[in-house]
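Asks: Quick one: this structure, given as C-alpha cells, is what I'll be asking you about.
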Amino acid sequence: MSNSKSNLLKWLPAWAWLSHYSPVKFKSDVLASLIVVAMLVPQGMAYAMLAGLPPIMGLYASILPMILYALFGSSSTLSIGPVAIISMMTFATLNPLFEVGSPVYIEAATLLALMVGVISLLLGIFRFGFLIQLISHPVIKSFIIASALLIAIGQFKFLVNVPLKANNLQEFTFSLVEYLPLIHWPSLLFGLITIALLVYLPKILKSQAVQSRIGSTDFLIRAIPLILVVLGITAVVYLNLQTRGIQTVGEIPSGFPPLSFPHWNWDLVLTLLPGATMIAMISFVESLSIAQATALQQRSQLNSNQELIALGIANISAGVSAAFPVTGSLSRTVVNADAGAKSPMAGILSSLLIIVVSLFFTGFFEDLPLTILAATIIVSIWKLVDFQPFSEAWRYSKADGIAMWVTFFGVVLIDISTGLIIGIISTFILMLWRISRPHIAVVGLLQGTQHFRNVQRHQVLTSDRVLSLRIDENLTFLNANSFKGFLINAVSDKDQLEHVILNCSSISTIDLSALEMLEDLNTELSKLQVRLHLAEVKGPVMDKLQDLKLLKYLSGRIYLTHYQAIRDLSPEVFESSTKDYSI
C-alpha cells in the first residue's frame, strides 16, 4: 500500500493535499480565488498586450496552466499565469521575426509556449534543474530591474497614443523626440489619472482614518485595478471618449480557449529555440525563488525538479490552448497566500472563474481603454525598479557588482535577450577569474589552541623549519599555477625550511592538472631536501588519491589534523606556549 501511494504521489503530487481536503479549506480557497481573479483579469489582459498579443490570450493563459500546475506542482500557493517579465521576453523574441499581432505572430507565441514547456519538462524529468540555477542571483536581479524599466517605458506609447519604439533606451529616446508633436494629450491625462489612483488609493485605504470607519480594506485594495477597469469602461461608454481619441481594446472573442497544436517547422523551431531556452531559464528561476519563499513560510516541502516538470506541463498546456509562456507570479502568489489559500485548489477555482469571464463577460471589456491596461502594467512593474541592490552588490563583491551593471546596460542599451546572455557570460568570466586567483594563506598556530590562522591577521606561533599553507578553493587547472607560484615565492623566503604542510581542509576536489602540479612540486621540493606533507584531507579527495603516484612517492606524510603535523614536525613551537591543549 505504501509503495502504491508513493507511486501515486510521484506521478500526481496533488494527491498529497486532495486526500485530506476539507470543506473548511474549500471556503478559504474560494475567498482567495475571488481576490486573485480580481487582480488576474486586468493583469492577464495587460500582460498579453505587453507581449504584443490580443488581450483574450491573457485570460487563456490563466486557465489550463493554473489547473495543471495545481495537479503537478509541489507549491501549495504559487500562482501560475502571465507575468510582465516573461511577456516582455516573448515580445523580444517574436518582434524581430513577425509583425506584432499578426496571425503568424500569434501562432509563433503559442509555439514558443510549447517549446518552453518541452524544455522545462525534459530538464525536470532528467533532473537537470541545476543547470538553470547556474545563473547567478545578482544577474537575475539586474535583469529583472532592467527589464522592468524597459517594460515601463514600453507602455508609454499607449499613454500618449503614438507608435513609440522601446526595444532599448536610446531607441525610445529618439522615437519620443520624433513623435513628441503628435502626443495625444487626452490619452496621457487619462493614463496619468489612472496611475495616480493606482498609487495613492491603496495608501488612502490603508490609512487608520479609513480603516477605523469601514474596517479591513484588504479586499478593496486588491480589487482596485478591477474597479478602475469598470470605471474606465463606464467613462468610455457614457462620455463617448472614443470620439476624443481614447483607444480601447476592441472586439474580444468569447468562449473556451481553442485547443489545437500550433503549426511548426524545423526552421521556425530552431529560430525560436534561443528565446525559448532563455524564457525557460528565467521562468524556472523566478518560480522557484517565489515557491521557496512561500514554502519556507509555510514549512512545506518543495521539489525543484518537480517544479520544472509542473512548469513544463503548464507551458505545454498554454501552447495547445492559444496562450503564451507562463510562470509564477510574485504579486499574485503573495496575494493568494495572504488571502488565506490553504491548497492549490485556490488556483483551480481561479481558473474556473476565468473560464466564466471568458465565456460570458468578454464583451464587457471591449470598451476598456488601453491607457488603463498600460497604467496597470507601469504601476505593478515599477515596484521592481530599485537601484539599491547595485550599490549593495558593489560594496560586498566587486565582481557581482560588475556583473549586475554589465547585465543592466546590456538589457537597456541593446535588448532584453542579448543583455541576459551578456550577463550570464560575464558571470562565468568573473567566476573563472575568481577561481584562478584563490585566497592562499600562510598559517600559524594560535597559542593555547589547536587552531591555525593567517599569519597576516593573527598573532600566531610559527617555525622557520616549517611552512604551513592553506588554499581556500578547490585545486583545478584554473588555479594550479597560481598556487605553485605562491608556494615557490614562500619557499624562497625561508633558508632553513625542511617541511611544507598543505592544509587541505578547504579542498573538495583536485583535478588532473592540479594533481600533476602537486606531483611536480613534490619532486622539486625533494631536490631541495624539503618534504611535502598533506593535512586534513577530506574523505572523497583521499579516495581519489589512493594508489596514485602522488601518494606513492610523497616525500612527507599525510596527517589527520594540521595540529598533529606541527606537533610531529616542529615540537619547538610548543616551547613558547604556556599551556598545552593537545589531545
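Under my numbering, the first residue of the sequence shown is numbered 654, with each subsequent residue one higher.
Positions of the beta carbon are idealized from the N, C-alpha and C atoms, including for glycine.
Predicted, not measured: the structure shown is a model, and the values here were computed from it.
For W917 and A1133, I'd like the C-alpha separation in whole angstroms.
Replies: So the alpha carbons of these two residues sit roughly 49 Å apart.
Asks: Whole angstroms are fine: how far does the CA of D1164 sit from the CA of Y1234?
Replies: The predicted position of Y1234 is uncertain, since its pLDDT is 37 and thus under 50; a value taken from the coordinates is nonetheless stated next. Cα to Cα, the separation comes out at about 36 Å.
Asks: Would you tell me roughly how many angstroms separate the C-alpha atoms of F1136 and L822, rounded to the nearest one?
Replies: Using only the alpha carbons, I get a separation of about 45 Å.
Asks: Quickly, what does DSSP pair T1214 with across the bridge? List them, please.
Replies: For T1214, which the question treats as bridged, DSSP gives no partner whatsoever.
Asks: Can you tell me whether Q1096 is buried or exposed, with buried defined as 16 or more other CB within 10 angstroms of its CB?
Replies: Note that residue 1096 corresponds to Val in the displayed sequence, not to Gln. Flag for V1096 reads buried.
Asks: Kindly indicate which residue of F825, S1011, G965, H1104 has the alpha-carbon position closest to the one of M710.
Replies: S1011
Asks: Quick check: what's the CA-CA separation for N1045 versus V1038?
Replies: For the sequence presented, residue 1045 should be read as Glu rather than Asn. Distance between the alpha carbons of E1045 and V1038 is about 15 Å.
Asks: What residues in its chain sit with their C-beta under 7 Å from that of P839, if we drop five residues either side in the sequence?
Replies: R897, G898, I899
Asks: Quick one: what does DSSP say T1163 is sitting in, helix, strand or coil?
Replies: The sequence given here places Ile at residue 1163; Thr does not occur at that position. Strand.
Asks: Count the CB pairs spanning the region 1081-1094 and the region 821-835 that are closer than 8 Å, and state whether there are at least three.
Replies: no
Asks: Can you give, in chain order, each stretch of the alpha helix (DSSP H) that sits fully within the region 934-987 and has at least 4 residues?
Replies: Qualifying alpha helix (DSSP H) stretches, in chain order: 957-972.
Asks: Bridge partners of C709, per DSSP?
Replies: Per the sequence presented here, residue 709 reads as Ile, with Cys not at that position. BP columns for I709 are empty, so no partner.
Asks: Indicate the three-state DSSP secondary structure (helix, strand or coil) for S1004 in the structure shown.
Replies: helix
Asks: Restricting to Cα atoms, I'd like to know which of I804, F809, V1108, L774 is closest to E960.
Replies: L774
Asks: Sorted by chain position, which residues of the same chain lie with C-beta nearer than 7 Å to D682's C-beta, five sequence neighbours on each side aside?
Replies: A994, K995, S996, M998, A999, L1002
Asks: Apply the 10 Å Cβ neighbour rule to E1189 and answer buried if 16 or more other Cβ atoms are within range, or exposed otherwise.
Replies: buried
Asks: In three-state DSSP terms, what is P1022?
Replies: strand
Asks: Since P735 contacts S715 with CB under 8 Å, what's their CB separation in whole angstroms?
Replies: 7 Å
Asks: Between the alpha carbons of D1148 and L1168, how many angstroms are there, rounded?
Replies: 27 Å
Asks: Contact check, P910 vs Y674 under 8 Å by CB: the rounded distance?
Replies: Not a contact, Cβ separation roughly 27 Å.
Asks: Assign K810 to one of two classes, buried (16 or more other C-beta atoms within 10 Å of its C-beta) or exposed (fewer than that).
Replies: buried
Asks: To the nearest angstrom, report how far apart L1120 and D1200 are at their CA atoms.
Replies: So the alpha carbons of these two residues sit roughly 26 Å apart.
Asks: Going by DSSP in three states, V1113 sits in which element: helix, strand or coil?
Replies: coil
Asks: Touch check for the region 1015-1032 and the region 763-770: three-plus C-beta pairs under 8 Å?
Replies: no
Asks: Below 8 Å on the Cβ atoms is my contact criterion, and I expect L845 with P878 to pass it. Report the Cβ-Cβ distance as a whole number of Å.
Replies: Not confirmed; about 16 Å, so no contact.
Asks: Do I806 and I935 come within 8 Å of each other at the CB atom, strictly closer than that value?
Replies: no
Asks: Is the CB-CB distance between S982 and S740 below 8 Å?
Replies: no
Asks: Less than 8 Å between the CB atoms is what I'm expecting for I803 and V1065, so what's the real figure, rounded?
Replies: Looking at the sequence itself, residue 803 is Leu, so the reference to Ile does not match. Confirmed, Cβ separation roughly 6 Å.
Asks: Within 10 Å of its beta-carbon, does Q1109 have 16 or more other beta-carbons around it, so buried, or fewer, so exposed?
Replies: exposed
Asks: When DSSP labels each residue in this structure, what does S1121 get in the three-state scheme?
Replies: Residue state, collapsed to three classes: strand.
Asks: Would you list, in sequence order, the uninterrupted alpha helix (DSSP H) runs of no fewer than 4 residues that lie entirely inside the region 789-829?
Replies: The region 789-829 contains these whole alpha helix (DSSP H) runs: 790-807, 809-813.
Asks: Relative to the C-alpha of I1219, which candidate in Q1103, L1181, A723, G1192 has its C-alpha closest?
Replies: Q1103
Asks: Is the Cβ-Cβ distance between E1019 and V902 less than 8 Å?
Replies: yes
Asks: Taking 7 Å as the limit between beta carbons, can you name the residues of its chain near G1063, skipping five residues before and five after?
Replies: T1071, G1072, I1075, G1076
Asks: Does A1143 come out as helix, strand or coil in the three-state DSSP assignment?
Replies: helix
Asks: What residue range does the alpha helix (DSSP H) around I778 cover?
Replies: Counting along the chain, the alpha helix (DSSP H) containing I778 begins and ends at 756-778.
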